[in-house]
Amino acid sequence: MTAVLPLVDQFALGLDAPICLTWELTYACNLACVHCLSSSGRRDPNELTTQQCEAVIDELARMKVFYVNIGGGEPTVRPDFWHLLDYAVAHQVGVKFSTNGIKIDKEKAARIAATDYVDVQISLDGATAEVNDAVRGEGSYATALRALENLAEAGFKDAKISVVVTRHNVSQLDEFKALADRFGATLRLTRLRPSGRGADVWDQLHPTAAQQRVLYDWLVLAGDGVLTGDSFFHLAGFGEPLSGLNLCGAGRVVCLIDPVGDVYACPFAIHSEFLAGNLLRDGGFDKVWRHSPLFEDLRRPQTGGACAKCAHYDSCRGGCMAAKFFTGLPLDGPDPECIVGYGEQALAERDVLALPAPPKPDGDHSHGGPMRGQAPQPRTGGGPVPVSIGHRPDRGCDQSPLLGLQLSSRT
Amino acid sequence: MACAVSTEVAHAARSAPGWEFDPAQPWRLSAAVALRDESFGALAYDFTTRRLSFLKSRLLVDVVRALETVPDVGAALTAAGVPEGDRATYLRALEGLALSGMLTPR
């Protein structure tokens, strides 16, 4: 019997294909969320054609990527969205798509309910219209609830309500749960990242240290059956680990394909530093996944840097790469929301030392003009609010990957 | 979501008191489950429940694949070459897979 690495360490070294991946079909969006991690708004003229999208699905099927999380932008505004959905399902690639609900009328809801292998995730960032619409734009709460009603009415079971936890909605966790129960849906909570336009509002919107503790305790006590996309592993040091994969899966078990075919390490890292390649120019997705120097580098054992000495390192593993990067912190140091407070300390030092400004996310697709219904957001650093259109795509895996067996590892 | 509903019903039946995994019966991997080999074993994805599981050893993958061709679970353990002392562990793992609907009676 040969000892093998624990599963989590196996994952850290990468898989032959992603477990799931996020595919943003378009940068076009009808909303203008202030924290949109892909700075979406306008369609990019070089977005993949229908035929190119079909070729991507063919390749995912060959690689046995069991399902993709489709997002955007707002994916349903692509005229070929429903065709691509059917195409994926016909090729045994399951789809979960993330939407603000704009196109989910009764007819589409019935169509989704009749299709196997399709899962829907409705984005909602407040349990009340007041809290939601301040971030996602006026009327977006009503749109999301109408979509949920249409799905429930059509008999679709177990839609997901996907919430980015912010300073303003963290007190509404019980209300979100009640809302999900009302529609026979599952609640999904994910972390606010300083990615895309989120970089501009992160300081004002990310949960305070005290709120992070509240969130962790809520997840432990009431979070049974609540999905998290494994996005709160930076809180694992508070106590028992949260369910799911307590590991940064970027380039190891997940990645992002953007609307023009660029492959990034994760949905929150749209920046040239994390660009692995382009599936049109670099010989296809499989080749990029297996052989891009960036991904090969991410799959090497990580040292942990300054965090390695910390008692919590085994729990949080230094936290989120993208959160560090876009707040201007070193990748081998603490997460900006480190539970011990090392992150706050590092941010304070960054400000005192007047270090170079944090890197800006690449590729702003925001609309140029003012958006109807968009509440202005306070910003630090002055300058105009980047009023623009956007919507948060899906992020990472929803499944709790450690639902696996308790069989002791052996070969 | 007709499929998902029917799977939920099946789950309810299996988690009901009195449901037991019978290794003397012929079993197989559910038609809704796809396996993908990985260095540690395999990923198993159930398209109806959308649940991802891990087969944490290659030997377990061999056992699961053998189920289809043999009359009972014991024969699959033998066919895959599971050591005598490990058979109980593997039986528990298979029971877990059957409970989650990954394995179905044949």
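Line order of the protein sequences matches chains A and B. Heads up: the first sequence is residues 16 to 426, going by our numbering. Heads up: the second sequence is residues 1454 to 1559, going by our numbering. Cβ coordinates follow ideal geometry from the N, Cα and C atoms, glycine included. Note that the coordinates shown come from a computational prediction; the quantities given were computed from them, not determined experimentally.
Chain B places a beta carbon closer than 8 Å to that of Y132 of chain A, counting this residue as a contact.
Within a 10 Å sphere around the beta-carbon of D329 of chain A sit fewer than 16 other beta-carbons, which makes this residue exposed. When only Cα atoms are considered, A1485 of chain B and A291 of chain A end up about 33 Å apart.
Listed along the chain, the chain A residues whose CB falls inside 7 Å of the CB of L1496 of chain B are I34.
Within the model, the alpha-carbon separation for S155 of chain A versus A144 of chain A is close to 8 Å.
Y82 of chain A and V268 of chain A have their C-alpha atoms some 13 Å from each other.
Listed in chain order, the positions of the region 103 to 116 of chain A with a beta carbon within less than 9 Å of a beta carbon of chain B are Q107, G109, K111. Distances from the alpha-carbon of P60 of chain A to those of A:L36, A:A321, A:G276 put A:G276 closest. Partner residues in the beta bridge of F1507 of chain B, as assigned by DSSP, are B:L1496.
Taking 8 Å as the cut-off, the Cβ atoms of S54 of chain A and H382 of chain A do not count as close. Taking L262 of chain A as the centre and dropping the five residues before and after it, the same chain places the C-beta of V23, F26, A27, F248, R332 closer than 7 Å to its C-beta, in chain order. In terms of beta-carbon proximity, F96 of chain A stays away from the interface with chain B, with every pair separated by 8 Å or more.
Taking C-alpha positions only, T130 of chain A is separated from K324 of chain A by approximately 50 Å. DSSP lists no beta-bridge partner residue for V108 of chain A.
Sixteen is the threshold: when 16 or more other Cβ atoms of the shown chains lie within 10 Å of the Cβ of D140 of chain A, as they do, the residue is buried.
Boundaries of the beta strand (DSSP E) harbouring E39 of chain A: 35 to 41, taken from the DSSP string.
By the Cβ-count criterion, K375 of chain A is exposed, with fewer than 16 other Cβ atoms from all chains shown falling within 10 Å of its own Cβ. A291 of chain A carries a strand assignment under DSSP once its states are collapsed to helix, strand and coil. Around the beta carbon of Q1478 of chain B, a 10 Å sphere encloses fewer than 16 other beta carbons of the protein chains shown; the residue is thus reported as exposed. Taking 9 Å as the upper bound on Cβ-Cβ separation, chain A lies near residues R1503, R1504, L1505, S1506, F1507, L1508, K1509, S1510, R1511, L1512, L1513 of the region 1503 to 1533 of chain B. For R365 of chain A, the CB contacts under 6 Å within the same chain, skipping 5 residues up- and downstream, are G343 in chain order.
A direct Cα-Cα distance of roughly 42 Å separates G238 of chain A from P1524 of chain B.
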